[in-house]
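Heads up: the sequence shown begins at 1 in full-length UniProt numbering, then just goes up one per residue. Where is the CB? At the ideal position from N, CA and C, for every residue including glycine. Structure first, commentary second.
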Amino acid sequence: MPADQTNAPQLYLVTPAGAQASTLGPLLSAVMDRVPPACLRIRGAGDEAELGRIADLAREIAHARDVAVVIDDHVRLAQRHGLDGVHLTDGARGVRAARKELGADAIIGAFCGNSRHEGMNAGEAGADYVAFGPVGETALGRGEPAALELFQWWSEMIEVPVVAEGAITAALLAELSPVSDFIALGAEIWTAEDPAAALAALWDRVEGA
């Protein structure tokens, strides 16, 4: 998942929490056709059999649009269902092991909270991208939000692409766009009556930044 060489970040789309394969298809298709993402991430919580069905569905929809697909933490599921890689939610810890399992061509991403040190460790371990967050205020966050200054420093000093995620508002989008390679959106749009329209409205802030 190489970063675009332009200044504008690319969309990194995250599937809804508690998604069911039986209803996810039309939602994903509509959203991805409205704003094409660079990558689709499958949330890894839930029943493994259902995750497998979601993985097959997401792969079919995303690959038809030349979009890469990763899944939270489940290395074996990624292998079994032909996904492009994994998103590790525990920082740098599992990067080398995932690379060994999935091979040189797989996408290995690492979520590093608000820790510059953890992000650097992940990059040194061979992560293809590092994600910091949450960037907004949320009860689900672990610790303090990832500050804008972290993204500014990272974009100036480190070549590994960076993803901003978590409780992203329109105002935060405008601030983060110049200093992020990818913007992760998921929960921000899925509760809307029309997720595709909600995404398009948010993404206007990126294109106008």
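Expected contact under 8 Å - CB spacing of residue i and residue j to nearest Å
i: L199; j: R34; result: 6 Å
i: V86; j: V70; result: 6 Å
i: A122; j: A104; result: With a Cβ gap of about 17 Å, A122 and A104 do not count as contacting.
i: P9; j: S177; result: 5 Å
i: residue 231; j: L88; result: Nothing in the structure corresponds to residue 231, since the chain is present only between 1 and 209.
Where residue i falls, given that 16 or more other Cβ within 10 Å makes a residue buried
i: R65; result: exposed
i: H117; result: exposed
i: D181; result: buried
i: M157; result: exposed
i: A17; result: exposed
i: T138; result: exposed
i: G26; result: In the sequence as displayed, the identity of residue 26 is Pro instead of Gly. P26 is exposed by the Cβ-count criterion.
i: D84; result: buried
i: R80; result: exposed
i: G186; result: buried
i: A131; result: buried
i: R205; result: buried
i: A92; result: buried
i: A78; result: buried
Euclidean distance between Cα positions of residue i and residue j
i: D72; j: A55; result: 11 Å
i: R76; j: A192; result: 33 Å
i: Y129; j: L51; result: 23 Å
i: G133; j: E144; result: 9 Å
i: Q152; j: V179; result: 5 Å
i: V95; j: A164; result: 19 Å
i: I189; j: T169; result: 11 Å
i: V160; j: G166; result: 20 Å
i: L40; j: L13; result: 5 Å
i: residue 210; j: A184; result: The shown model of the chain, from 1 to 209, leaves out residue 210, and the question about it has no answer.
i: Q5; j: E48; result: For Q5, the predicted model reports a pLDDT of 49, less than 50, meaning its position is unreliable; a value from the coordinates is still stated below. Taking the straight line joining both Cα atoms gives about 37 Å.
i: I42; j: H63; result: 14 Å
i: E60; j: L102; result: 20 Å
i: A97; j: A125; result: 10 Å
i: L11; j: A171; result: 16 Å
i: P195; j: V31; result: 7 Å
i: A38; j: V67; result: 6 Å
i: A146; j: G82; result: 32 Å
i: L150; j: N114; result: 8 Å
i: T15; j: V162; result: 19 Å
Identity of the residues DSSP links to residue i by a beta bridge
i: F151; result: DSSP, once it has assigned bridges, lists no residue as partnering F151.
i: Q10; result: F182
i: H87; result: D72, G109
i: V162; result: V130
i: M41; result: Per the sequence shown, residue 41 should be read as Arg rather than Met. Partner(s): V14, V70.
Chain B within 8 Å of residue i, Cβ atoms only
i: F151; result: Absence of chain B from the displayed structure is noted, only one protein chain being present.
Can we say the segment 13–22 touches the segment 46–61, given the rule of at least three CB pairs closer than 8 Å? yes
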